[in-house]
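Numbering (our numbering), first residue to last: 679 to 1258. For glycine and all other residues, C-beta sits at the position ideal for the given N, C-alpha and C. On a predicted model such as this, the values are computed, not experimentally measured, just so you know. Data first, discussion second: the structure below is written as structure tokens.
Rendered as structure tokens:
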């Protein structure tokens, strides 16, 4: 008998083929998941298991030049509520009641924030007081999460607020020193990584890995607390007395560019910061320090720069004479003296003493347009000074190649019109006129102190030599003659110290012309005369009394100098008279 082999049928090989293919697909998928895409899926699993939070670094303190604390950071807490931790309405109510009682946040406000958020975890408090946060931790409430943070405080109140600036909710600097030096102050944030349960809450004793934050550097400013407060108090009184819209008192060491005081009005105040932010306008912005952001026509203070350039170039000396007829003809345009006066034969020193416009034009014409404007460039006009404050403006003056230029422009630039400057830019230029001729970058930071305690001092930066030592000496003494010659007794001469200075009275240009009822008055002066320790700018904007710079700003300069130099320990030069 012949035995026949069984012939495979579809009932056998089709299921076998299907099972084989399924096994191969399954194996391929396993290889894909466990080998090829292992890291991606492992990372996804870890992300669902692990939570993380930022640990902010302690922000560096800001100190005045003598070590007094102007801004520092204190430990606080940010408070979050995780609503999934509340399994019953009773638990929710009890937690909210307790949180409200400890944080002193009305329960209705907390409910509003939770409803508006719609998220599982909602932040209900930023920068909660450290001790209140400790009470919350000790209460051990479900769903209450506290993360460490820091808040900025100012032990001197609103002092120097425009210089210091402020920080945002994330401790990032938004204005002033806080913004300009943000990277140095804020340090490097750390990171906390922890295991969490299905509700997203940290697992007690779960894995915790922290990258420690690196604290920021402390900054030592050139600002002196006493001189700053004195400037702010005198400025506030002067603005009120002269019914001005605002103003500035800025104090600089002309030898090294250190800003000792910078008082401005209007200004931001820490005590009213929220309101200031809400009511901010382009003219009144908490992000501005008008000493560096706003430009103006300086008026007759510019005659000092014109004289310095002319003397340095050798086209005049302090004793060079000319005849003033009260008016000068420039391309058919008649330029008059500020008071319509006629002064006859005058020296260049007399031009500064009497603030004669035609005398300034005389010096400019001796120089010529190109040479005169090359001196304006050398003195830093038309470009930022480089001061370490944000938002600095460049200023502007028209040149022959600019559209609309007229020879009248360069003539009026000689006495402070047709040129815009910032207050600190004008101070930099006058400092060069009296310090031996060096243009020095003004600055407000004196040193950095690293977390390890090491100190890095900021060295004065000399931009260039602008005029000779001899020219600087001559200009300084000419400015001394301006102050000592005070026939009307307005009080621009300090009672205890020798000084030099120059006033400025500039009508404000409106729609291409100048108005008689809006003006900026100023006085720029220094003391002592032979070895200047301080250079002071007093500026009043739109003073309703319509007094000149000599009348309104000069006496403020004199009083400030007497008090500031007494405080700095400079021996009196004029006996023991009481400072005015």
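- Counting along the chain, the unbroken alpha helix (DSSP H) around residue 788 starts and ends at 785 to 795.
- No Cβ-Cβ contact shorter than 7 Å links residue 948 with residue 1125.
- Residue 1041 is positioned such that its CB atom lies no closer than 7 Å to that of residue 996.
- For residue 780, the enclosing alpha helix (DSSP H) begins and ends at 767 to 781.
- For residue 911, the secondary structure class from DSSP, reduced to helix, strand or coil, is helix.
- The shortest CA-to-CA distance from residue 804 to any of 990, 1053, 1180 and 757 is the one to 757.
- For the set 1175, 1203, 962 and 1224, the Cα lying nearest the Cα of residue 1214 is the one of 1203.
- According to the DSSP assignment, residue 940 belongs to the beta strand (DSSP E) that extends over 937 to 943.
- Under a 10 Å Cβ-count criterion, residue 1098 is classified as buried, with 16 or more other Cβ atoms of the shown protein chains found around its own Cβ.
- For residue 952, the enclosing alpha helix (DSSP H) starts and ends at 951 to 956.
- The alpha-carbon separation between residue 1055 and residue 1228 amounts to approximately 28 Å.
- Residue burial annotation: residue 957 is exposed, with fewer than 16 other C-beta atoms found within 10 angstroms of its C-beta.
- Judged by their CB atoms, residue 970 and residue 1067 are nearer to each other than the 7 Å cut-off.
- Taken through DSSP and simplified to helix, strand or coil, residue 893 comes out as coil.
- In the same chain as residue 800, and ignoring 5 residues on each side of it, the C-beta atoms closer than 7 Å to its own belong to 758, 759, 791 and 792, in chain order.
- Below 8 Å, enough C-beta pairs join the region 813 to 833 and the region 733 to 752 to call them touching: three or more.
- When secondary structure is reduced to three states using DSSP, residue 1121 falls in the strand class.
- In this structure the region 1056 to 1075 does not lie against the region 1012 to 1026, because fewer than three pairs of beta carbons, one per stretch, are closer than 8 Å.
- In the DSSP assignment, residue 1185 forms a beta bridge with 1197.
- Ranking 1102, 1180 and 1251 by CA distance to the CA of residue 1232 puts 1180 first.
- The C-alpha of residue 1062 is placed about 20 Å away from the C-alpha of residue 1092.
- Where residue 860 is concerned, the enclosing alpha helix (DSSP H) starts and stops at 860 to 864.
- Assignment of residue 1150 by DSSP, reduced to helix, strand and coil, places it in the helix class.
- Less than 7 Å separates the beta-carbon of residue 1185 from that of residue 1197.
- If the five residues before and after residue 1172 are omitted, its C-beta is found closer than 7 Å to the C-beta atoms of 1205, 1236, 1239 and 1240, all from its own chain and listed in chain order.
- Secondary structure at residue 888: strand, using DSSP grouped into helix, strand and coil.
- In its chain, beyond the 5 residues on either side, 1116 and 1118 have a beta carbon closer than 6 Å to the beta carbon of residue 1140.
- For the pair residue 991 and residue 1148, the Cα-to-Cα distance works out to about 11 Å.
- When C-alpha distances from residue 982 are compared across 936, 1032 and 1013, the shortest belongs to 1032.
- DSSP places residue 1103 inside the alpha helix (DSSP H), whose first and last residues are 1101 to 1112.
- Residue 807 is bridged by DSSP to 754.
- Only exposed fits residue 1132, as fewer than 16 other CB atoms lie within 10 angstroms of its CB.
- Pairing residue 854 with residue 739, the inter-Cα distance amounts to about 14 Å.
- If you draw a straight line from the Cα of residue 1029 to the Cα of residue 978, it is about 10 Å long.
- Using a 10 angstroms sphere on the CB of residue 815, the tally of other CB atoms stays under 16, which defines it as exposed.
- A check of alpha carbon separations from residue 1101 across 1079, 860, 937 and 1011 identifies 937 as the nearest.
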